[in-house]
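Just below is one structure, and these are the notes that go with it.
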Amino acid sequence: MKKKFWRCFVCNDIHYGLKPPEICPTCKVKNAYVEIAASEAKVITGAAAEGPFTRDDFIRAIRALAEGQEFMVNPDAARLETLFDGVFNNEQNHGLKFCPCRLRTKEFEEDLKIVCPCNFLIHETYKGVDKGECWCGMFVKR
Amino acid sequence: MAKLLMFHGRECPHCRAMMPLVEQLEKETGLVLEKHEVWHDEKNADLMRSYRPVLTPQCGGQLRVPTFLNTETSAAVCGEIPYEKLKEWAQK
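Chains as they are written, first to last, in this note's numbering: chain Z, -9 to 132; chain H, 14 to 105.
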């Protein structure tokens, strides 16, 4: 099944997925999403685009992700700097924030699995491991 | 083609941690590991990708660094591993 683009006709939130949210996360209206073309989604999101996503934006985003979860951002600041160098270099050189401790296969769908943050919850370095961490160590269990 | 390869990433902390162990191994055993950085050298990346069918079953279904590969036996270990485990792989 192919993912599609959806637009909330009340507040113009955009969703990409097999199905849209039943309740819009922004305006809370139920059943407000209509399927749209990728090109329309590009126009709407393109107009909203601001400046580049900086390192500070990224740190903020991953800390927000970790809030209230069983994992946290690694407190080792030096390690984080190395990893941030990696993900930002990889984005610049290869198009997305690929994990610096993996290698992309050059198959687009497969490589989405290693965009940072990845789904490390299923990795053997994290799942069921006492002091578990994602493969590169950006996220660690609390 | 060299027998023992190490695929690594410049910004991979696990790879950096393994470098002194690799140095120690080379000094102790006289073995040489041919090192290939994969995120800043596309030829090295293509080389690692060419071994994908051999590597992924041994490394959690993914191409990961650091990965140590014996090109003759196809035996591979990956990640930050203890010296003994690295030596065991190198000498098989």
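Ideal Cβ positions, reconstructed from N, Cα and C, are used throughout, including at glycine.
{"Check": "Z:Lys18 burial status per 10 Å Cβ neighbour count (16 or more: buried)", "Outcome": "exposed"}
{"Check": "C-alpha distance - H:Gln75 paired with Z:Lys(-8), whole-angstrom precision", "Outcome": "24 Å"}
{"Check": "Inter-stretch contact at 8 Å, needing at least 3 Cβ pairs: the region 103 to 114 of chain Z / the region 94 to 104 of chain H", "Outcome": "no"}
{"Check": "Other residues of its chain near Z:Val63: CB distance less than 6 Å, five sequence neighbours each side excluded", "Outcome": "Ile52, Arg53, Ala56"}
{"Check": "First and last residue of the uninterrupted beta strand (DSSP E) at Z:Lys131", "Outcome": "129 to 131"}
{"Check": "Given Z:Pro42 as reference, the closest of Z:Lys131, Z:Gln82, Z:Val0 once Cα atoms are compared", "Outcome": "Z:Gln82"}
{"Check": "Chain H contact for Z:Ala97 (CB, 7 Å cutoff)", "Outcome": "A small correction: the amino acid at residue 97 of chain Z is Glu; Ala does not occupy that position in the sequence shown. No, its Cβ sits nowhere closer than 7 Å to a Cβ of chain H."}
{"Check": "Residues within the region 27 to 54 of chain H neighbouring chain Z, beta-carbon criterion of under 7 Å", "Outcome": "His27, Val51, Trp52"}
{"Check": "Interface residues of the region 78 to 89 of chain Z facing chain H [CB-CB below 7 Å]", "Outcome": "Asn79, Asn80"}
{"Check": "Contact list for Z:Leu93 against chain H, beta-carbon separation under 8 Å", "Outcome": "Phe20, Gly22, Val51, Trp52, Ala58, Met61, Arg62, Leu76, Arg77, Val78"}
{"Check": "Touching by the beta-carbon criterion (3+ pairs, under 8 Å), the region 84 to 95 of chain H and the region 98 to 106 of chain Z", "Outcome": "no"}
{"Check": "Enclosing beta strand (DSSP E) for H:Ala88 [first to last residue]", "Outcome": "Note, H:Ala88: premise wrong, no beta strand (DSSP E); not H, not E."}
{"Check": "Beta-ladder partner(s) of Z:Gly7, from DSSP", "Outcome": "Z:Lys(-6)"}
{"Check": "Helix, strand or coil at Z:Arg92 [DSSP, three-state]", "Outcome": "strand"}
{"Check": "Z:Tyr23 classed as buried or exposed, judged by whether at least 16 other C-beta atoms fall within 10 angstroms", "Outcome": "buried"}
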